[in-house]
Amino acid sequence: MANKTKAVIWSLIAIIVVLALVMIYAFAVQPAITNRQNIVYTAGYNTAQVDFINGMLNQLQQQQYIQIPISENQSLFLAPFNPQQAAQQ
């Protein structure tokens, strides 16, 4: 009888420990992981934007225009705009 009671108590303790670990993971570990993933994603996204704009500016300085393909047979051309030159014309 005593062994059966001890076994039940130990099994209940094990269940409580497992449930506590699940709760700790669900409310502490997983949000921390998700927050870190969002920080890394945002940093990468911002870096990609800066790299893209810098690449466009470099191409604009070197070639005086930027050609961006839009679809199969269409391209968008960007050229520098000088308001003083436009006012003179």
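Each number in my numbering corresponds to the 1-based position in the sequence shown with 1 added. We treat Cβ as the ideally placed atom computed from N, Cα and C, and that holds for glycine.
Which residue comes first and which comes last in the beta strand (DSSP E) that contains residue i?
i     : result
Gln75 : 75-79
Ser65 : The sequence shown places Gln at residue 65, rather than the Ser named in the question. Premise fails: Gln65 is in no beta strand (DSSP E) and is neither H nor E.
Would you say residue i and residue j are within 7 Å of each other, going by their C-beta atoms?
i     : j     : result
Ile69 : Leu61 : no
Tyr66 : Ala87 : no
Starting from residue i, trace the alpha helix (DSSP H) both ways and give me its first and last residue.
i     : result
Ala27 : Neither: Ala27 is in no alpha helix (DSSP H) and is coded neither H nor E.
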